[in-house]
Amino acid sequence: MADILSKFRLDGKVAVVTGGAKGLGREHVFTLANAGADVAFCDLLEDVGKETLAEVAKTGRKVYFQKVNVRDSGEIEDFLENVKKNLGVPDILVNNAARPSEGVALETVSDDLWREIIDTNLSSMFYFGKRVAKMMMEAGKGGSIINIASINAFVISNIFPRHNVTYCVAKAAIAQLTKGFACEWAKYNIRANAIAPGYIMTDQTKATAAISEAYERNLNMTPMHRYGEIDELAGALVYLASDASTFTTGTTLLVDGGYTSW
Ligand SMILES: NC(=O)c1ccc[n+]([C@@H]2O[C@H](COP(=O)([O-])OP(=O)(O)OC[C@H]3O[C@@H](n4cnc5c(N)ncnc54)[C@H](O)[C@@H]3O)[C@@H](O)[C@H]2O)c1
Numbered sequence: 021m022a023d024i025l026s027k028f029r030l031d032g033k034v035a036v037v038t039g040g041a042k043g044l045g046r047e048h049v050f051t052l053a054n055a056g057a058d059v060a061f062c063d064l065l066e067d068v069g070k071e072t073l074a075e076v077a078k079t080g081r082k083v084y085f086q087k088v089n090v091r092d093s094g095e096i097e098d099f100l101e102n103v104k105k106n107l108g109v110p111d112i113l114v115n116n117a118a119r120p121s122e123g124v125a126l127e128t129v130s131d132d133l134w135r136e137i138i139d140t141n142l143s144s145m146f147y148f149g150k151r152v153a154k155m156m157m158e159a160g161k162g163g164s165i166i167n168i169a170s171i172n173a174f175v176i177s178n179i180f181p182r183h184n185v186t187y188c189v190a191k192a193a194i195a196q197l198t199k200g201f202a203c204e205w206a207k208y209n210i211r212a213n214a215i216a217p218g219y220i221m222t223d224q225t226k227a228t229a230a231i232s233e234a235y236e237r238n239l240n241m242t243p244m245h246r247y248g249e250i251d252e253l254a255g256a257l258v259y260l261a262s263d264a265s266t267f268t269t270g271t272t273l274l275v276d277g278g279y280t281s282w
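Number 282 marks the last residue of the sequence shown (the numbering used here); no jumps.
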């Protein structure tokens, strides 16, 4: 029987991360490279992406970056073609890119803003998922897809005077999309799971954290009474990406300091 820790290694694997220039996506890129994978990532932010590329290259892994809008099918296809040329067919996809919550009351969310949030935060995971799954199927090698959801797949945040219902709807649908990927593609040996993080301090959560009453409420709603550190999703990510989780598919793994337990 293989040593359990060796099953977590990602040597020889190719990983793709969306929204990998900064924040948690950048951390995912480093985590996967440090676990042994070659990593391609994309982002809207070209300069920040190039800086991340230079840093990750120091791990000694092959790394590839391209500016991509995850809402644009043509840009996604061009990126994935380049990933295949430069690193090979992906074994792992981390659908991470998302734009922040709307911040405004639901009745004032314009139809265009609703569409933008659903398209960026939910549909992009379908656009990437089906294309990467097809590449995996054609290569006949299976793989692991990890969609980044949120505690907002389960609850609406109590962050008044800010609001995030549209964001929450997208995150809840990600959990169901993940089950859809898992059920349809299990026969191709493609697993799909989601990670549902609680509050972790990044550019996305700064706007709420700057409002002291909302920040205190978030702490008080979290049994561990703190925000997560940026590296605290790494264990869940490597578990789901690797052969340590070969019978795990369709699940949404909460990493939230207990937030949804109360
Ligand atoms: N930070 C948290 O507390 C938290 C909690 C739960 C879930 N999440 C999720 O984790 C993921 C990362 O969040 P983060 O906190 O690092 O946010 P972030 O805003 O710091 O990073 C998001 C990244 O996605 C990129 N991006 C946004 N729109 C894009 C587009 N159209 N095309 C390409 N790239 C695009 C951004 O440029 C950025 O690099 C998101 O899915 C977010 O919803 C975060």
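From the three backbone atoms N, C-alpha and C, an ideal C-beta is built for every residue, glycine too.
Note that this is a predicted model, so its numbers are computed, not measured.
Query	Result
Can you grab the Cα-Cα spacing for the pair residue 177 / residue 151, in whole Å?	32 Å
Check whether the Cβ atoms of residue 259 and residue 218 sit closer than 7 Å, and answer yes or no.	no
Mapping DSSP to helix, strand and coil, what is residue 167?	strand
Counting along the chain, where does the alpha helix (DSSP H) carrying residue 79 start and finish?	No alpha helix (DSSP H) contains residue 79, which DSSP labels as neither H nor E.
Could you check whether the Cβ of residue 135 sits closer than 6 Å to any heavy atom belonging to ligand 1?	no
Locate the alpha helix (DSSP H) running through residue 189, then write down its first and last residues.	185-205
I'd like to know whether the C-beta atoms of residue 191 and residue 212 end up nearer to each other than 7 Å.	no
For the alpha helix (DSSP H) holding residue 227, just list the boundary residues, first then last.	223-229
Based on the DSSP output, what are the partners of residue 213 in its beta bridges?	166
With DSSP as the reference, identify every bridge partner of residue 112, one or two as the case may be.	35, 164
Report the option in 116, 155, 28, 64 whose CA atom is closest to the CA atom of residue 49.	116
To which residues of the same chain is residue 187 closer than 7 Å at the C-beta, ignoring the five residues directly before and after it?	121, 122, 137, 141, 172
Determine the DSSP secondary structure at residue 56, reduced to helix, strand or coil.	coil
Spell out a yes or no on whether the region 57-70 and the region 90-108 are touching, meaning 3 or more CB-CB pairs, one atom from each, closer than 8 Å.	yes
Give me, in chain order, the residues of the same chain whose beta-carbon lies closer than 6 Å to that of residue 100; leave out the 5 immediate sequence neighbours on both sides.	151
Check whether the Cβ of residue 54 lies closer than 7 Å to any Cβ atom in chain C.	The question asks about chain C, but that chain is absent: this structure has only one protein chain.
Taking 6 Å as the cut-off, is the C-beta of residue 72 nearer than that to any heavy atom in ligand 1?	no
Below 7 Å between beta carbons: does that hold for residue 22 and residue 164?	no
CB of residue 196 to nearest heavy atom of ligand 1: below 6 Å?	no
So, helix, strand or coil for residue 272, using DSSP?	strand
Ends of the alpha helix (DSSP H) at residue 208?	Here residue 208 belongs to no alpha helix (DSSP H), and DSSP marks it neither H nor E.
Would you say the region 32-51 touches the region 64-76, given that touching needs at least three Cβ pairs under 8 Å?	yes
Compute every distance between the C-beta of residue 30 and the non-hydrogen atoms of ligand 1, then say whether any falls below 6 Å.	no
Find the nearest neighbour of residue 119 within the set 103, 30, 112, 91, judged by alpha-carbon distance.	91
Which two residues bound the contiguous alpha helix (DSSP H) that contains residue 159?	144-159
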